[in-house]
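Some notes on the structure that comes next.
There are 2 protein chains.
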Amino acid sequence: MSFDILQEKIIALKNPTVAGLDPLPDYVPKHIMDRHLALKGETLEAAADAYFEFNRGLIDALCDIVPAVKPQSAYYELLGPAGVAALAKTAAYAKAKGLYVIADVKRNDIGSTAEAYSAAYLGTVKIGGSELAPFDFDAATINGYLGTDGIAPFLETCRRRNKAVFVLVKTSNPSSAELQDLQVGERKLYEAAGDLIEALARDTAGKYGYTCAGAVVGATYPEELKSLRRRLKNTFFLVPGYGAQGGGAGDVAGAFDENGRGAVINSSRAIICAWKKTGRDGLDFAEAARAEAIKMRGALRECVDFR
Amino acid sequence: MSFDILQEKIIALKNPTVAGLDPLPDYVPKHIMDRHLALKGETLEAAADAYFEFNRGLIDALCDIVPAVKPQSAYYELLGPAGVAALAKTAAYAKAKGLYVIADVKRNDIGSTAEAYSAAYLGTVKIGGSELAPFDFDAATINGYLGTDGIAPFLETCRRRNKAVFVLVKTSNPSSAELQDLQVGERKLYEAAGDLIEALARDTAGKYGYTCAGAVVGATYPEELKSLRRRLKNTFFLVPGYGAQGGGAGDVAGAFDENGRGAVINSSRAIICAWKKTGRDGLDFAEAARAEAIKMRGALRECVDFR
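Which chain is which? The protein sequence lines are A and B, in order.
Residues in the first sequence are numbered from 1 upward in steps of one, following the working numbering.
Residues in the second sequence are numbered from 308 upward in steps of one, following the working numbering.
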């Protein structure tokens, strides 16, 4: 089971951090961006090359500290097809370095369209007589608003190819309450969404008890996080909102089960933009990211025992 | 206002059809796919070239019949970065032919990530001193599960660049009821979602009364469609589910206002795979698509008066 692989990496490194590789043109140190713009002009292709060089440096600096990385697709799509090519290269490089790679794509659709998304990010497509894997991520985030029809095709791919998804349940943003906290009978909507995904994937629990259908639950709602941990005993959590969005190590402690398992905590800007605070114009971006990831690991270890 | 442009195209052609450009490798006539595989081998790049040739033929055959096309991004992402490049080329070609082009991407996220998505599909990004438009679609579909934080950044881009979005409200699939029909106080969840987007975009109504925030409402729920039309007087509808998914012209009539305005009806497979029924191995794929689009236009004109 895919989350077994992730859990074992977490135990080996005693660190449940996933580093968000979420570049914006401004986040790439100027010396890297300028070199690529000089080579290819002020083009999306040049910026995409700069993204990849930045990511490669980050991955090299982080791969023995964090078990996983999570590129946010939006920032790559922002550079058009060249950006998506940089995303694919980043994923392949991170996998080669032993990292568990999560595509933060929040895809959602139904029927053959959902099948196409799941084949794109987690599966394969048949071209002529060849079976090709377009991106081959380990896991992807999805949005479950469309119900079972929008989730089941992804779970099908997960079962077949030993992959996993994280379904949005309770997101970290201030207005997540507008729809997600609406009361539906005895439950809130986000609880209903959580119950649905736990039920859909019940048959896939791995050796640590977690199914292939995880949940996204924000660090910025620690009470909800704790109560969802109790409610969804077989659901692995991806927890955004740590660091830049305001969640601290104490806030995310409730995401873990009694053995310190069952969750990964994402941090993006705090790690990849750590160089902005060192006053060295990003010449030390990799070391700065590494130092920040070590600091976060220390803070998490103080709150949770990762056996 | 972006929906004014679409509405005027609909009035000019007396046709509210949007043709879904949703290719799968199997949907491309064999003579096209085989030629590209012979050129570039059994690769994602070859399949992407075949997609584009197929789309170009469809667009040429449809551009004086339908006002709009809607490529579903999943099928392009299925071919990795090369597929996304074919999507960008398809969008540019369709725009050059005078079509209104909707990106069916169902993107969703918050804060700077939502800004990146909206800049990618509807806006621009600054690279060095240049302002570049990565895809430059006229409109995009989005998923509103994250609330205002996930919708507002898109509306910001729409206001600035005269673009539009369609937010998922009531989707066409059988299990859409699981979450969307849950009762929240006096309303169903999908009604709450509809009310939210109508309120968020109120200040953007154009000359036909419609704001830049449209809604996706499935043809397979004609009663809900009719009651949402009454409820959301300023919200333009994108209606999937016609044809292959079972909705007929009578089912979608309720999507239009008393002047026959305010909605586009999507058909994908029935149009782009029409060649599969003519027994000519797809040599006539463009004519077959055109004939099917003319038939659909006729059926819609019988039910609604498009002034």
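Heads up, the beta-carbon is just placed ideally off N, CA and C, and yes, glycines get one too.
Helix, strand or coil: which one does DSSP assign to Y383 of chain B? Indexing the second sequence from 1 puts residue 383 of chain B at position 76. Y383 of chain B falls in the helix class under three-state DSSP.
DSSP on D333 of chain B, reduced to helix/strand/coil? As a position in the second sequence, residue 333 of chain B is number 26, starting the count at 1. The answer is helix: DSSP assigns D333 of chain B an H, G or I state.
The stretch 578-596 of chain B touching the stretch 524-540 of chain B, judged by at least three CB pairs closer than 8 Å: The stretch 578-596 of chain B vs the stretch 524-540 of chain B: no contact.
Look at G80 of chain A and D109 of chain A and say whether their C-beta atoms are less than 9 Å apart. The residue given as residue 80 of chain A occupies position 80 in the first sequence. The residue given as residue 109 of chain A occupies position 109 in the first sequence. Here G80 of chain A is not near D109 of chain A, since their CB atoms are 9 Å or more apart.
Please confirm whether V491 of chain B has its beta-carbon closer than 9 Å to some beta-carbon of chain A. Here residue 491 of chain B refers to the residue found at position 184 when the second sequence is read from its first residue. Chain A has a Cβ within less than 9 Å of the Cβ of V491 of chain B.
Residue environment, L39 of chain A, which counts as buried when at least 16 other CB atoms sit within 10 Å: For the purposes of this step, residue 39 of chain A is taken as residue 39 along the first sequence, with counting starting at 1. L39 of chain A sits exposed, since fewer than 16 C-beta atoms from the chains shown fall within 10 Å of its C-beta.
Keeping to the same chain, check which residues put their C-beta closer than 8 Å to that of L503 of chain B; ignore five residues upstream and five downstream. For the purposes of this step, residue 503 of chain B is taken as residue 196 along the second sequence, with counting starting at 1. The residues G451, G454, T455 and I458, in chain order, have a CB closer than 8 Å to that of L503 of chain B in the same chain once the five nearest residues on each side in sequence are set aside.
Using a Cβ-Cβ cut-off of 7 Å (strictly less than) and excluding sequence neighbours within five positions of D60 of chain A, which residues of its own chain qualify? Walking along the first sequence from the start, residue 60 of chain A turns up at place 60. Around D60 of chain A: A286.
Between K163 of chain A and chain B, is any beta-carbon pair separated by less than 9 Å? The count along the first sequence starts at 1 and reaches residue 163 of chain A at position 163. Taking Cβ atoms only, chain B never reaches closer than 9 Å to K163 of chain A, which makes this a no.
Cβ-based contacts, 8 Å cut-off: residues of the stretch 123-134 of chain A near chain B: Here the close residues are V125, K126, I127, G128, G129, S130, L132 and P134.
Just verifying my parser: in three-state terms, what is the DSSP assignment at I417 of chain B? Along the second sequence, read from residue 1 onward, the residue named residue 417 of chain B stands at position 110. In the structure shown, I417 of chain B sits in coil (DSSP, three-state: anything other than H, G, I, E or B).
Confirm, please, whether the CB-CB distance from G554 of chain B to F563 of chain B is below 9 Å. Within the second sequence, numbered from 1, the residue matching residue 563 of chain B stands at position 256. Within the second sequence, numbered from 1, the residue matching residue 554 of chain B stands at position 247. G554 of chain B is positioned such that its CB atom lies no closer than 9 Å to that of F563 of chain B.
Which listed residue (B:S380, B:Y382, B:A520 and B:S574) has its alpha carbon closest to that of R597 of chain B: As a first step, residue 597 of chain B is located in the second sequence; it is residue number 290 there, counting from the start. Comparing Cα positions, the closest option is B:S574.
Can you tell me where the alpha helix (DSSP H) with A152 of chain A in it begins and where it stops? In the first sequence, residue 152 of chain A corresponds to position 152, counting from 1. Segment T148 to R161, the alpha helix (DSSP H) holding A152 of chain A.
Ignore the nearest five residues each way along the sequence and tell me which others in L313 of chain B's own chain have a CB closer than 8 Å to its CB. As a first step, residue 313 of chain B is located in the second sequence; it is residue number 6 there, counting from the start. Cβ within range, chain order: P374, A375, Y407, D445, A446, A471, F543 and V571.
Secondary structure of K14 of chain A, DSSP reduced to three states: Taking the first sequence and counting its residues from 1, the one referred to as residue 14 of chain A is at position 14. Correct three-state label for K14 of chain A: coil.
Using a beta-carbon distance cut-off of less than 7 Å, what residues from the stretch 387-410 of chain B approach chain A? Considering only beta carbons, the part of the stretch 387-410 of chain B lying closer than 7 Å to chain A consists of G387, P388, V391, A392 and A395, in chain order.
Helix, strand or coil for A48 of chain A, going by three-state DSSP, please let me know. On the first sequence, residue 48 of chain A is found 48 positions in, with the first residue counted as 1. Three-state DSSP puts A48 of chain A in a helix.
With a CB to CB cut of under 6 Å and the five nearest residues on each side skipped, what residues in its chain are close to N469 of chain B? Residue numbering aside, residue 469 of chain B sits at position 162 when the second sequence is read from its first letter. Within the same chain, N469 of chain B has close Cβ partners S309.
When DSSP labels each residue in this structure, what does P240 of chain A get in the three-state scheme? Stepping through the first sequence from its first residue, residue 240 of chain A is reached at position 240. Coil at P240 of chain A, not helix or strand.
So, does the CB of I110 of chain A fall closer than 9 Å to a CB anywhere in chain B? Counting from one through the first sequence, the residue named residue 110 of chain A turns up at place 110. For I110 of chain A, the answer is yes, since a Cβ of chain B falls inside 9 Å of its Cβ.
So which residues of chain A does N480 of chain B contact, with C-beta pairs closer than 8 Å? Along the second sequence, read from residue 1 onward, the residue named residue 480 of chain B stands at position 173. Within chain A, the residues near N480 of chain B are I110, G111, L146, G147, D149 and G150.
Please decide whether R231 of chain A counts as near chain B, where near means a Cβ-Cβ distance under 9 Å. Translated into the one-based positions of the first sequence, residue 231 of chain A becomes position 231. Cβ-Cβ to chain B under 9 Å: no for R231 of chain A.
Run through the DSSP bridge pairs and tell me what T681 of chain B is partnered with. In the structure as shown, chain B starts at 308 and stops at 614, and residue 681 of chain B therefore has no counterpart that could be examined.
8 Å Cβ shell around R160 of chain A - same chain, five flanking residues per side excluded: On the first sequence, residue 160 of chain A is found 160 positions in, with the first residue counted as 1. G123.
Pick from B:V476, B:P323 and B:Y383: whose alpha carbon is nearest that of A357 of chain B? As a first step, residue 357 of chain B must be located in the second sequence, where it is residue number 50. A check of alpha carbon separations from A357 of chain B across B:V476, B:P323 and B:Y383 identifies B:Y383 as the nearest.
Of the listed residues B:C465, B:A355 and B:E349, nearest to V391 of chain B (C-alpha basis): For the purposes of this step, residue 391 of chain B is taken as residue 84 along the second sequence, with counting starting at 1. Checking every option, the nearest Cα to that of V391 of chain B belongs to B:A355.
Taking only three categories from DSSP, how would you classify G492 of chain B? Translated into the one-based positions of the second sequence, residue 492 of chain B becomes position 185. In the structure shown, the three-state DSSP call for G492 of chain B is coil.
Distance CB(L328 of chain B)-CB(L132 of chain A) smaller than 9 Å: By one-based count along the second sequence, residue 328 of chain B stands at place 21. By one-based count along the first sequence, residue 132 of chain A stands at place 132. In this structure, the beta-carbon distance from L328 of chain B to L132 of chain A does not fall below 9 Å.
Residues bridged to G615 of chain B (per DSSP): With chain B running from 308 to 614 in the structure shown, residue 615 of chain B is simply not present.
Unbroken alpha helix (DSSP H) runs of length 4 or more, entirely within the stretch 208-240 of chain A: which are they? Here the runs fully enclosed are 222-231.
Taking 9 Å as the threshold (C-beta atoms), are K233 of chain A and G206 of chain A in contact? Taking the first sequence and counting its residues from 1, one reaches residue 206 of chain A at position 206. Taking the first sequence and counting its residues from 1, one reaches residue 233 of chain A at position 233. For G206 of chain A and K233 of chain A, no; Cβs fall outside 9 Å.
Assign D333 of chain B to one of two classes, buried (16 or more other C-beta atoms within 10 Å of its C-beta) or exposed (fewer than that). Along the second sequence, one-based indexing puts residue 333 of chain B at 26. Here D333 of chain B is exposed: its Cβ has fewer than 16 other Cβ atoms, across all protein chains shown, within 10 Å.
How about L283 of chain A: is its C-beta nearer than 9 Å to some C-beta of chain B? Residue 283 of chain A sits at position 283 when you count from the first residue of the first sequence. So no, L283 of chain A is outside the interface.
From the DSSP output, in three-state form, read off I312 of chain B for me. Reading the second sequence from its first residue, position 5 is the one you call residue 312 of chain B. Per DSSP, reduced to three states, the secondary structure at I312 of chain B is helical.
What are the start and end residues of the alpha helix (DSSP H) that includes A570 of chain B? By 1-based counting over the second sequence, the position of residue 570 of chain B is 263. Counting along the chain, A570 of chain B falls outside any alpha helix (DSSP H), though it belongs to the beta strand (DSSP E) covering A570 to S574.
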